[in-house]
Structures are given as structure tokens and as C-alpha cells.
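Asks: Quick mapping for you: the protein sequence lines, in order, are chains D and G. The opening position of the first sequence corresponds to residue 120 in the working numbering, with each subsequent residue numbered one higher. The opening position of the second sequence corresponds to residue 385 in the working numbering, with each subsequent residue numbered one higher. There's a structure below that I have some questions on.
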Amino acid sequence: MVLALLLTGGLYAVATTTNEAKAQTETYTAQDIEEGQKLFLANCSTCHGMEGAGTPSGPSLVGVGAAAVDFQVGTGRMPMQANGPQAPQKAPQFDAEETQQLAAYVATFGAGPGVPEEEYLDVTQGNAANGAKVFLANCAMCHNAAGAGGALTRGKYAPELMGVEENHIYEAMVTGPQNMPVFNDANITPEEKRDVITYLKTLETNPSPGGFSLGSLGPVSEGLFVWTIGLAVIIGFTVWLTSRSA
Amino acid sequence: MGSHSDGTPHQSGTVATTGTTEMERFPDPGLPPHRPRLTDVESKAAKRAERQVSLLFLISILGSVMFFVGYFGVRVEGPLYDVTNPTATDALRLQNLLLGLGIALAMFGIGIGVVHWARTLMPDHELVESRHAVRTEEQRADAQSILTTVYDESGIKRRPLLRNTLIGAAVVAPLPFIGLLKDLGPTNLDPLKETLWDEGVRLVRDPSGTPIKASDVTLGSTFHVVPENLNELSHHEGYLDEKAKAVVLLMRLDPESVNVSPDRADWNVDGIFAYSKVCTHVGCPVALYEQQTHHLLCPCHQSTFDLTNECEVIFGPAARPLPQLPITVDADGYLVARSDFHEPVGPTYSQRGTHVEEMQGEAN
């Protein structure tokens, strides 16, 4: 159990020099921080400690930044629903304001990546073709070329990316939640991150021109379809062809 | 027909007993009585079947029309895959649907119609096709005498020298064809030994081609890397072949959590490690990096490599660890290779053993 929790959030201990510059861009009021502290003590401190320094059941939150909180709490992954190989996405437990207050408080623990600026989430300014290149080189091996997700080792998985909010995609890249690696701004620039988001949103808004995509999972779902529905149709016709007319 | 299952062997006909006469054999059961179909006796049913068949043919015509509606009627205008406006992709999807469905109905209607026609309206009377007569003893004797004549006249028994040289020739003659099989494989495997990596070659990002500072590689992050000199190659000069061999995954691990063998002590830069991305099993790109468990997973056959133990195989069919690329930093702080890989990357091939010895000889 302890191991699972460590796996879930141990990466928060990572503070990056490249992301520090962004930490100051978001300004929170003193009241946000105060409200955030109340929420933190009531909901997070059991595992992450009263000061967010971590306990044997949960990792330290020093230096994770507001971006990590906005992602983890905003997608419902935190507070964690159950111990397991991976914290699954669920309906968020806190509304946008509470999430922002929590983020404001956790950001005071130490410098970390802040929530992304609107400019880098605007898909009308992004280049989907370049985003596809970056995505195929860095993301597609786990998340599937069509963003449909895929399996990892020992019960872990890379989640589907269709329907994920722009800010959550950005924050996942910059913070590396759970077992996902970090893609800091020195590796994939904020403009390239916007291109990746544009590519994913393009896949989301545009239908598959070939018709049913069967989940875009490749040979597994397509093979299952052919071996059940396809074969059933062939057998049905064979029976009809050889039967005697009434 | 009724007597064949009353259990006595003499009457069943299915068990052959010696000395049975013609009379005791199982009688020819003949054909089952002809049963007329509904369409044979009722003209109303025949009329209905006729209408059904022509309806199927009409569906086929409709399918062909649908194809042309899709081909000429649907305009795919504007940019495809526009992030805010999917109209063009929607139109393309509709067009593909009409083309595919149209051709399918056109073929399906004719096929099913013809079969339905044959089943219901064409005559279904039984036909008897007799077997060929069994060959007579005389014909067998004739065939045997031909063989005997060949055997005698060729003198193959009297002249053993002829026989033995003929057997020899027949054995040796297929060998040239086996020799030709060798040409199906590559004649020169040396390209598998070398990659574009060499001393001082910068590690650059794939696909942007920008060099990487050691300080950019933060704990938990991973970079997909190609050699800088790869970008000088065009597609005619083997760009893809070279890329396929040279791809590298770069990540920083906590130096205290990693076991490094003494002869590889200077192959990493403060915990920044570079490993070949080509699986040693059958060559898939191994790039599924889990930053908490430090597992590297190959998506094809689930070979799992442990990054903290020099990419030792901990699960799956791969036989060897992934080759490590020795790296260092240059005067400007950018990551560069110290040398090429010290063993060939990717799966096993016929000359791999000799190549490993040669490469390790060069390295020392």
C-alpha cells in the first residue's frame, strides 16, 4: 500500500530549474492560500503530512507546483479513490475554486511549475502537423498514435487522451503524473506543447474518415470484430447457401 | 431402406462377409423422393420469388447509384483535419461511407439475387452421374508389361555403372538451387555493426534536431534522441536506415538508485543515461518509460528492462540488455557521445558474435 502511494506521487519531489520561472506567473491572494490550507488539512494531510512534506503513506509535495495540484485534483485522481497500481481518473471532488485554493497553498511549499498560461492552451494558434511529429516521437508509444491509451507493466496503463481538457494535457506533460515521465519546457517547448494539444484536439473534433474506428486500438479490437461478427456473417451465408429452399 | 439397421451382419450390407452372393448385398437405396418446392407448385409463390430476386437486382442498381452520388455529389472542400472546423473531414467520411456502401450493395445485390433465383426458380431435379468403370485386369497387366519392358531394355540391372552414376547425378543436381538460397539474405552485414554515433557527436532531440544541455535533463524526464549528423542525411542517403539503428532514449536517474559496473563508470553524466531504443528481441522501439519504477517496456512482446541495472531484462522474451551509449558533455555543456555503441544494437543476426568481438577489440 505504501509502495503504491509512493509510486503515485513520488515524482512530486522533483523540482525543475526550467519550470521555476513559471511558478511566479500565477498570482494567488492571501485568502486563497488560507482557504487552501483548510482544505489541505482536511483532505490531503493524512497521507501528504501536515506541512506537505510527505509521510510513509504519501509523497512530499514540496516543489510540485500549482500545475500538479490542478492536474491531480482537477481530474479527480486526488484524493485517491483506492490503493492500487495507479490512481484512476474519477469525477473531481473539488470545484474549480477549491482546486485553485488548494493549488495556491501547495505552491507555497516550494517553487514548481504553475498552471499554464491561456496563450499556450489556444489550439487556434497551434500547429497540428508539428504537434503530430512531437506526439509520435514522445507520447504515442504509451498513449497510442490516436491517443486511445495503452497498457503498461504490472497493472499500470497510459490513459486515453480524447476528451481531456487542454490545461490538463499541458500540466501532465510539465509535471509527469504517476509513472509518466516529465517533459519540461527545455525538452518540449511551451509552443510545442500547444502543438501537441492542437493535434489531440484535432483528432477529437474530426471524425475518423474511414468510418467506425472500433476504439482505435489496432489489431485487438479489429481482430475481435472480424473473428466474431465477420465469421458469424460468413457462417450464416454458408448455411443459407446450402440449405434447401422451402 | 428400412432393413439396413436391424443389426444382423448378413443383412446390414455395411459389413462385408466372404461368400456373400449378389442377392444378399445391401440394395441400392436410390434417391430420396423428389419433394417439390413451394415455388414449383404455387404460381403465387413463384411470382413472389421473382419479385424478390428483381428487388435484389434493384438494390444492386441502387448501390451503384449510391457510389456515384458519393463520387460526384459529395464535395470535400476546405482543409482536412482542421481543429475548429471538422466540416471537410465530415464530408470525407460521408463520401467514403457512400463509396464503400455503394460498391458493397452493388456486388451483394447481384450475388444474393442470383443465388436466390437458383434456389427458388431454377429447376431442382436430381441428376445421377455414374462412376467410371473399374479398370480391368487386362489393363493392369498391360501397364505392368510396359514397366517390365522399360526395365529390361534400359539394361539398368545389367549395367550398374549407369545406374550408380544416374543416382549420383540426381543427388548432386539440386545442390545449385540450395546454393542460390544464400543470395536471398544480405551479403554484407557490416552496416549492422556501425551507427552514426561517434566521439563528439551531439545528442539532439527527435524531431526538432536541437542539441540538449545536461541541465535540461531533469530528474524524471525523458528525451527521445537522434545523432546530430543524422539530419545531414537525405532520404536517398539512407536516413531511415541510419535513424532506425541510432535512436536513443535519454533519461536522468537518481545516481544513488543505480548500479553502474566499473567499466561503465564514465558512460553517464551525473545520472543521465542513454540507451539504444531498439529491442534486442526483434527490434521494436522500446520507449515505454515508467519514471517511478524505472521500467522500460517494449510494446510488441512485453520485454521489460530495468534501467537501474543497466537495462537488464526482467520480463519477456528479450535475451540481452539494451546497449548503452557512452556519453559526456562538451565544452558548451551539450551532451555528446563518447564513442559508438560497444556492441551491435537490436536483435541477434548471424555474424553478431564476430561483430561483438571486433567492436570490443576496437574499444579497448
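We put the CB at the ideal spot given by N, CA and C, even for glycine.
1) Measuring CA to CA, which of G/Thr423, G/Val499 and G/Glu621 is closest to G/Val437?
2) Going by C-alpha distance, which of D/Ala206, D/Glu216, D/Thr148 and D/Pro204 is nearest D/Leu158?
3) Can you tell me whether G/Arg589 is buried or exposed? The criterion is at least 16 other CB atoms within 10 Å of its CB, across all chains shown.
4) Return the chain-ordered list of same chain residues with a C-beta closer than 6 Å to the C-beta of G/Leu580, the five sequence neighbours on each side being excluded.
5) Count the other CB atoms, across all protein chains shown, that sit within 10 Å of the CB of D/Gly173; report buried if there are 16 or more and exposed otherwise.
6) Does the CB of D/Ala140 have a neighbour CB from chain G at under 8 Å?
7) What first and last residue would you give for the beta strand (DSSP E) that runs through D/Met159?
8) What in chain B is Cβ-close to D/Met260, meaning under 7 Å?
9) Using 8 Å as the cut-off, can you tell me whether the segment 305-324 of chain D makes contact with the segment 240-258 of chain D, which would need three or more C-beta pairs spanning the two stretches below that distance?
10) If distances are taken between C-alpha atoms only, which option among G/Val644, G/Gly457, G/Gly493 and G/Gly462 comes closest to G/Gln479?
11) On the DSSP bridge assignment, give the partners of G/Arg586 in chain order.
12) Would you say the beta carbon of G/Asp536 is closer than 7 Å to some non-hydrogen atom of the ligand COA?
13) Alpha carbon to alpha carbon, how far is G/Thr732 from G/His665?
14) List the residues of chain D whose Cβ lies closer than 7 Å to the Cβ of G/Arg503, in chain order.
15) I'd like to know whether the C-beta atoms of G/Thr606 and G/Tyr659 end up nearer to each other than 8 Å.
16) Are the C-beta atoms of D/Ile348 and some chain G residue less than 8 Å apart?
17) I want to know whether the segment 584-598 of chain G touches the segment 708-719 of chain G - three or more CB-CB distances under 8 Å.
18) Give me the subset of the segment 295-315 of chain D whose CB atoms are less than 8 Å from a CB atom of chain G, sorted by chain position.
19) Let me know the alpha helix (DSSP H) ranges lying completely inside the segment 185-266 of chain D, each 4 residues or longer, listed in chain order.
20) Please state if the CB of G/Gly486 and the CB of G/Gly447 are separated by a distance shorter than 8 Å.
21) Could you tell me whether the Cβ of G/Phe607 comes closer than 8 Å to any Cβ of chain D?
22) With burial defined as no fewer than 16 other Cβ atoms inside 10 Å of the residue's Cβ, what is the status of G/Tyr455: buried or exposed?
23) Taking the straight line between their C-alpha atoms, what separation do you get for D/Ala186 and G/Ile445?
24) In terms of DSSP beta bridges, what is G/Arg542 paired with?
25) Determine, using beta carbons only, whether G/Val460 and D/Thr321 come nearer to each other than 8 Å.
26) With H, G and I counted as helix, E and B as strand and the rest as coil, what does DSSP make of D/Val345?
27) How would you write the range of the beta strand (DSSP E) that G/Thr423 sits in, first residue to last?
28) Can you look up G/Phe607 in the DSSP assignment and give me helix, strand or coil?
29) I want to see whether chain D comes within less than 8 Å of G/His679, judged by CB atoms only; does it?
30) D/Asn257 and D/Ser335 - do their beta-carbons sit closer together than 8 Å?
31) Rounded to the nearest angstrom, what separates D/Ala226 and D/Tyr276 at their Cα positions?
32) Would you mind stating whether G/Gly604 and D/Pro235 have Cβ atoms separated by less than 8 Å?
33) In terms of residues, what are the limits of the beta strand (DSSP E) holding G/Leu483?
34) From the DSSP secondary-structure annotation, give me the bridge partner or partners of G/Asp690.
35) Taking Cβ-Cβ distances below 8 Å as the criterion, which residues of the segment 232-248 of chain D are in contact with chain G?
36) Quick check: the segment 667-683 of chain G against the segment 291-305 of chain D, are there 3 or more CB pairs under 8 Å?
Replies: The answer reads as follows:
1) To locate residue 437 of chain G, count along the second sequence from 1; it is residue 53. Of the listed residues, the one whose Cα sits closest to G/Val437 is G/Val499.
2) By 1-based counting over the first sequence, the position of residue 158 of chain D is 39. D/Leu158 has its Cα closest to that of D/Glu216, out of D/Ala206, D/Glu216, D/Thr148 and D/Pro204.
3) Taking the second sequence and counting its residues from 1, the one referred to as residue 589 of chain G is at position 205. Buried, because 16 or more other Cβ atoms sit within 10 Å of the Cβ of G/Arg589.
4) The residue you call residue 580 of chain G lines up with position 196 of the second sequence. Here the set comprises Pro611, Asn613, Leu614, Glu626 and Ala630.
5) Here the question's residue 173 of chain D lines up with position 54 in the first sequence. D/Gly173 is buried by the Cβ-count criterion.
6) Counting from 1 along the first sequence, the entry for residue 140 of chain D is found at position 21. With a pLDDT of only 41 at D/Ala140, under the threshold of 50, the placement of this residue in the model should not be trusted; the figure read from the coordinates follows. It does not: the Cβ of D/Ala140 has no partner Cβ on chain G nearer than 8 Å.
7) Taking the first residue of the first sequence as position 1, residue 159 of chain D is located at position 40. Residue identity differs from the one stated: residue 159 of chain D is Phe in this sequence, not Met. D/Phe159 -> not in any beta strand (DSSP E); alpha helix (DSSP H) instead, spanning Ala149 to Asn162.
8) In the structure shown, chain B does not exist; the protein chains are D and G.
9) yes
10) Taking the first residue of the second sequence as position 1, residue 479 of chain G is located at position 95. Comparing Cα-Cα distances from G/Gln479 to each of G/Val644, G/Gly457, G/Gly493 and G/Gly462, the minimum goes to G/Gly457.
11) Residue mapping note: residue 586 of chain G aligns to position 202 of the second sequence, counting from 1. Answer is G/Val720.
12) Among the components modelled here there is no ligand, and therefore nothing to report on the ligand COA.
13) Mapped onto the second sequence, residue 732 of chain G falls at position 348. Mapped onto the second sequence, residue 665 of chain G falls at position 281. The alpha-carbon atoms of G/Thr732 and G/His665 are separated by roughly 8 Å.
14) One-based indexing of the second sequence puts residue 503 of chain G at position 119. The answer, in chain order, is Ser364.
15) Stepping through the second sequence from its first residue, residue 606 of chain G is reached at position 222. Stepping through the second sequence from its first residue, residue 659 of chain G is reached at position 275. Going by C-beta atoms, G/Thr606 is not nearer than 8 Å to G/Tyr659.
16) Within the first sequence, residue 348 of chain D is the residue found at index 229, counting from 1. D/Ile348 does not count as touching chain G.
17) yes
18) Gly295, Gln297, Asn298, Met299, Pro300, Val301, Phe302, Asn303, Ala305, Asn306 and Glu311
19) 215-226, 247-257 and 259-262
20) Here the question's residue 447 of chain G lines up with position 63 in the second sequence. Here the question's residue 486 of chain G lines up with position 102 in the second sequence. Yes, the Cβ-Cβ distance between G/Gly447 and G/Gly486 is below 8 Å.
21) For the purposes of this step, residue 607 of chain G is identified with residue 223 of the second sequence, where counting begins at 1. Chain D contact via Cβ: present.
22) In the second sequence, residue 455 of chain G corresponds to position 71, counting from 1. Classification of G/Tyr455: exposed, given that the 10 Å Cβ count is below 16.
23) Locating residue 186 of chain D in the first sequence gives position 67, where the first residue counts as 1. Locating residue 445 of chain G in the second sequence gives position 61, where the first residue counts as 1. Distance between the alpha carbons of D/Ala186 and G/Ile445 is about 60 Å.
24) Translated into the one-based positions of the second sequence, residue 542 of chain G becomes position 158. DSSP, once it has assigned bridges, lists no residue as partnering G/Arg542.
25) Position 76 of the second sequence, counting from 1, holds the residue named residue 460 of chain G. Position 202 of the first sequence, counting from 1, holds the residue named residue 321 of chain D. Not a contact, by the Cβ cut-off of 8 Å.
26) Position 226 of the first sequence, counted from the start, is the residue given in the question as residue 345 of chain D. DSSP places D/Val345 in helix when its eight states are reduced to three.
27) Sequence index remark: in the second sequence, residue 423 of chain G carries index 39 (1-based). Premise fails: G/Thr423 lies in the alpha helix (DSSP H), Leu422 to Val425, not in any beta strand (DSSP E).
28) Within the second sequence, residue 607 of chain G is the residue found at index 223, counting from 1. Residue state, collapsed to three classes: strand.
29) Within the second sequence, numbered from 1, the residue matching residue 679 of chain G stands at position 295. Answer yes: the Cβ-Cβ gap between G/His679 and chain D drops below 8 Å somewhere.
30) What you label residue 335 of chain D is simply residue 216 of the first sequence in a count that begins at 1. What you label residue 257 of chain D is simply residue 138 of the first sequence in a count that begins at 1. Contact flag unset, no.
31) Here the question's residue 226 of chain D lines up with position 107 in the first sequence. Here the question's residue 276 of chain D lines up with position 157 in the first sequence. The alpha-carbon atoms of D/Ala226 and D/Tyr276 are separated by roughly 28 Å.
32) Your numbering for residue 604 of chain G matches position 220 in the second sequence. Your numbering for residue 235 of chain D matches position 116 in the first sequence. Contact flag unset, no.
33) Residue mapping note: residue 483 of chain G aligns to position 99 of the second sequence, counting from 1. No beta strand (DSSP E) contains G/Leu483, which is instead part of the alpha helix (DSSP H) from Thr471 to Thr504.
34) Within the second sequence, residue 690 of chain G is the residue found at index 306, counting from 1. DSSP lists G/His679 and G/Glu696 as partners of G/Asp690.
35) Val242, Thr243, Gly245 and Ala247
36) yes
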